[in-house]
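Reviewing the structure listed below.
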Amino acid sequence: MLKKRLIPKLLIKYKFLGNKKRPVLVTTRGFRDEIFVGDPLSQAKIYEAQFADELIILNIDSHPIATDDLMLRLVQRIADEVFMPLTIGGGVRTVEDFQRLVEGGADKVCINTIMFENPQLISKAAHRYGSQCVVASIDFKTDMLGNAYVVRDRGKICTNLNLIDFVQRVVELGAGEILLTDVDRDGYGNGLNFDICRVIASSLTVPVILSGGCGLAQHFVEGFQRGLAEGVASGTFFCFRDQNPMQTRSHIYNAGIAIRLET
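Here is the structure:
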């Protein structure tokens, strides 16, 4: 039986500290209200020590990765010092960008905006690196009737694309994993949208990682049990709640969910 995955999510922005621009770790609420947390490498080391299963690292400034030396250097530093699977995203535009990130230490590459502009990149990247390397990050909102629609550009633009149809399309193109985020729940800690996740996960043969809304350890349990997610990703929860990944893992295990316990 495949073990469920507990995945801290690190959001990266650039800020000037003194007169030097540096990548810093932030959290968000509703993809807005950015809160400065600290150094991403230090936080990644903490998560490794607390036995997280993998890390998702996303540059939400989305500078084109081909010319983003700051992000490429950060990826290399984390890969050199943190020995756990890394999913990296932000500013990916071409197959060559996949190559840059994989050579820098990424195990998987996460794409979002480019799926709307050049969906065939999914197929090209899957052909070269394998579907398991291609993570489709899909953000969504729901209307008053509970219908879910895909949004883009950090939740600013509603595409009017049906979420289920869009997910199935990117999987057909070759995406090997889906990172599903409810924008309206992001950072608020009121619980995951496990209803939508269950519909998506039950219709796919690829893993779904659910994100957006973790405020309690029980929310992770609901993501796995009720949402049928293969993994749950969270940023704000691990930065500002009392429970670290180790404690959360015990709570999940005690709920009867298959999750890695050994170091």
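The numbers in the numbering used here rise by one with no breaks, and the one at position 36 of the sequence shown is 36. C-beta: ideal position from N, C-alpha, C; glycine also.
Checklist entry - Helix, strand or coil for GLU177 per DSSP? => result One-based indexing of the sequence shown puts residue 177 at position 177. Annotated three-state conformation of GLU177 is strand, per DSSP.
Checklist entry - Opposite LEU6 in the DSSP bridges: which residues? => result To locate residue 6, count along the sequence shown from 1; it is residue 6. Its beta-bridge partners are VAL232.
Item to check | ILE114 - DSSP class collapsed to helix/strand/coil | outcome: Start at 1 with the first residue of the sequence shown, and residue 114 comes out as number 114. ILE114: helix per DSSP, three-state reduction.
Next on the checklist: Can you tell me whether ASN59 is helix, strand or coil according to DSSP?
Outcome noted: Indexing the sequence shown from 1 puts residue 59 at position 59. Of the three classes helix, strand and coil, the one that applies to ASN59 here is strand, per DSSP.
Checklist entry - For the alpha helix (DSSP H) that THR248 lies in, which residues bound it at each end? => result As a working mapping, residue 248 is identified with position 248 in the sequence shown. Run containing THR248: 245-254, per the alpha helix (DSSP H) assignment.
Item to check | Residue interval of the alpha helix (DSSP H) (run including LYS156) | outcome: Taking the sequence shown and counting its residues from 1, one reaches residue 156 at position 156. Run containing LYS156: none; DSSP gives neither H nor E here.
Checklist entry - What does DSSP give as the partner residues of LEU86 in its beta bridges? => result Here residue 86 is taken as the residue at index 86 of the sequence shown, counted from 1. Answer is LEU55, bridged to LEU86.
Checklist entry - Of the choices ILE7, LEU74, GLU48, whose alpha-carbon is the least far from that of ALA25? => result Locating residue 25 in the sequence shown gives position 25, where the first residue counts as 1. The sequence given here places Leu at residue 25; Ala does not occur at that position. Selected option, being the one with the closest Cα: LEU74.
Next on the checklist: What does the Cβ neighbour count give for MET71, buried or exposed, with the cut at 16 atoms within 10 Å?
Outcome noted: Mapped onto the sequence shown, residue 71 falls at position 71. By the neighbour-count criterion, in which a residue is buried when 16 or more other Cβ atoms sit within 10 angstroms of its Cβ, MET71 is buried.
Item to check | Residue burial classification, CYS158 (beta-carbon count within 10 angstroms, cutoff 16) | outcome: By 1-based counting over the sequence shown, the position of residue 158 is 158. Exposed, by the Cβ-count rule.
Checklist entry - Would DSSP call ASP139 helix, strand or coil? => result As a working mapping, residue 139 is identified with position 139 in the sequence shown. Correct three-state label for ASP139: strand.
Checklist entry - Can PHE83 and GLU48 be called in contact, C-beta distance under 8 Å? => result Translated into the one-based positions of the sequence shown, residue 83 becomes position 83. Translated into the one-based positions of the sequence shown, residue 48 becomes position 48. Cβ atoms of PHE83 and GLU48: closer than 8 Å.
Checklist entry - Relative to the ligand FAD, is the shortest distance from any of its heavy atoms to the C-beta of GLN76 smaller than 7 Å? => result Of the ligands one can find in the structure shown there are none, so the ligand FAD has no counterpart to examine.
Checklist entry - Going by Cα to Cα distance, which pick from ASP143, LEU41, GLY91, ASN160 is closest to VAL151? => result Taking the sequence shown and counting its residues from 1, the one referred to as residue 151 is at position 151. Closest option to VAL151, Cα to Cα, is ASN160.
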